[in-house]
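This report concerns only the one structure given below.
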Amino acid sequence: MNTLSVIIPVYNGSRYIDSLLKCIMRQTFRDLELVFVDDGSTDESSSLIREVCSRNGVPEEGPDAAFSNEKTACYRLITQSNQGQGEARNTGIDNSTGKYIAFIDQDDHFEPDYLEQLVCKAESCGADVVLTGYREIYQDGRVRNSVKLKNAGWCRFMNITPWGKIYSRDFLCRNKIRFQPLVLGEDIYFNLQVYQRAAVMVHSEYIGYDWIVNEESLSRTSHRSLNGHVTLFPLLEALTALPDFSSWQSDEMISYFLLKTCIYHLLISAHNSASEDIVSYRRELFAWMTHYFPGFEKNRLIRLTKPDGELFKVRMFVCLYMALYRFGLDQVLLKRI
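Here you go:
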C-alpha cells in the first residue's frame, strides 16, 4: 500500500497530461498511487495517460508493480461515463488504497515539495486533514492572488476546495464523507463535513499549489447567471439534510461563511440576470438564512476587522452589502449591477 493516493479527475484533458505528469514526477515524495478517473472524455486522455506514465517509468498497478524495497509511484486508470467532477472524485476515493488522499485538478501546477510537505505535516500531527494556501495564477503566468493560511480558526474557509489539502483516507471512509452531484457547491458540501468531523485538523502557511484560472471554464461563465435555475438552493438543501447541521446553526463562522457565499453568488449572478429574478433570488436566500440562522445579520464577524485572516476586500464587501441590506437598499444595488 502506498502512503499517498493522488486522485486526478480527467475531462478531455489530453493537452494537460504531459505537464501534469511532469509536476508529479518532480515530486520529492515518491510513495504515491496515482488514481486517474477519466470521466467520459471524448479525446485521447486515457491513452495519453498510459503513454506518458509508461514513458516516465511509472508502472501500472498490478503484478509487475512491486514496491518491496523501493518507494516509487504507480498509477491506475479508471474510465467511466460522464458523471461530473464530484462523482469522479468519489470513484477515486473508492478505488484508492493509500493512507492519505490528495486531490489535484488536471490543469493545475504544484511545487516539487508540495506532496512531501502535506504528508510530513499529516504524519507529524496525526491529522485527519491538513490545509495549505494556494496561488491563483492566470494562464499567462501572472499571479492574480496568493492565499496564505494564518489563522487556525477562519483559515479553513479560505480554501474550501478539495485541492491544497491532504485527507486521512480512513477518516473519510469511516465518516462516509462523499461529494454530492451539485452544480454549485459540491466542494463546500464535502469540506464542511470534513471540518466539523475532523478530530485533528491542522493548517500550514506553506503555499505550493497553483490554481490556474481559466476564464472560459464552466465555473466562471454559466454560474454567473440564474438562467437554467443555477442557484445555491440544491447545496443549501443538501446541507440542511446532514445530521450535523443542527450543531452548525450556532456556529458564527459557518453562518458568516454561508452569508458570504450567498452575497457572492447574488453579486456575480446580478450581471446577467433579469432584475425581477435576482430580487426574488435575494429574497429567498435571506429567508433561508433567517430560518436556519436567525439573527444572522447581527453576526459579530460582520466587521471590517473580522474574521481574522479573511481578505480585507471580502470583509469590506460583506460589511457594505449588509449595511445596505439593513435599510433595504441592497435590492437597488442588485438591479443596477
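At the far end of the sequence shown sits residue 336, using numbering that gives the first Met the number 0, and the numbering has no gaps.
C-beta: ideal position from N, C-alpha, C; glycine also.
None of the values given here were measured: they were computed from a predicted structure.
In this structure, the straight-line span from the alpha carbon of W287 to that of Y263 is close to 16 Å. With respect to Y74, L33 sits close: the two C-beta atoms are nearer than 9 Å. In the structure shown, P8 adopts extended strand secondary structure according to DSSP, grouped into three states.
Scanning the stretch 80 to 117 from its first residue to its last, the whole beta strand (DSSP E) runs of 3-plus residues come out as 99 to 102. Taking 9 Å as the cut-off, the Cβ atoms of L130 and M200 count as close.
One alpha carbon belongs to H202, the other to L114, and they sit about 14 Å apart. Ranking C172, P161 and Y255 by CA distance to the CA of P293 puts Y255 first. Here DSSP, grouped into helix, strand and coil, assigns S167 to strand.
Ranked by how close their Cα comes to the Cα of Y15, the residues F35, G97 and L3 have F35 in first place. N158 sits in coil when the DSSP states are folded into three classes, being neither helix nor strand. Excluding residues up to 5 positions away in sequence, I7, P8, V9, Y10, G12, Y15, I16 and L19 lie with their Cβ nearer than 8 Å to the Cβ of Q105 in the same chain. Per DSSP, E135 is one residue of the beta strand (DSSP E) stretching across V128 to Y137. The alpha-carbon of L191 is positioned some 20 Å away from that of V313.
Counting only the Cα atoms, S167 lies some 33 Å from D42. Between E185 and G91, the gap from beta carbon to beta carbon reaches 9 Å or more.
Shown here, I48 sits in a helix according to DSSP, grouped into three states. DSSP, read as helix, strand or coil, puts I176 in coil. Its chain contains E135, I136, Y137 and V212 as the residues whose beta carbon lies nearer than 7 Å to that of R143, once the 5 sequence neighbours on both sides are disregarded; these appear in chain order. Residue environment: E86 is assigned as buried (16 or more neighbouring CB atoms within 10 Å of its CB, all protein chains considered). For L323, the enclosing alpha helix (DSSP H) starts and ends at F311 to R325. Nearest in C-alpha terms to M24, of all of M315, R155 and D112, is D112. Judged by DSSP in its simplified three-state form, A237 adopts helix. Contact check for E251 against N298 passes: the beta carbons are separated by less than 9 Å.
Taken through DSSP and simplified to helix, strand or coil, R29 comes out as coil.
According to the DSSP assignment, I262 belongs to the alpha helix (DSSP H) that extends over E251 to A269. Of the residues C261, L323 and L47, the one whose Cα lies closest to the Cα of T289 is C261. The Cβ-Cβ distance between E110 and Y188 does not fall below 9 Å. Buried is the label assigned to F178, since at least 16 other Cβ atoms lie within 10 Å of its Cβ. Counting C-beta atoms within 10 angstroms of its own C-beta, L303 has fewer than 16 neighbours from the protein chains shown and is therefore classed as exposed. Here S145 is bridged, per DSSP, to R134.
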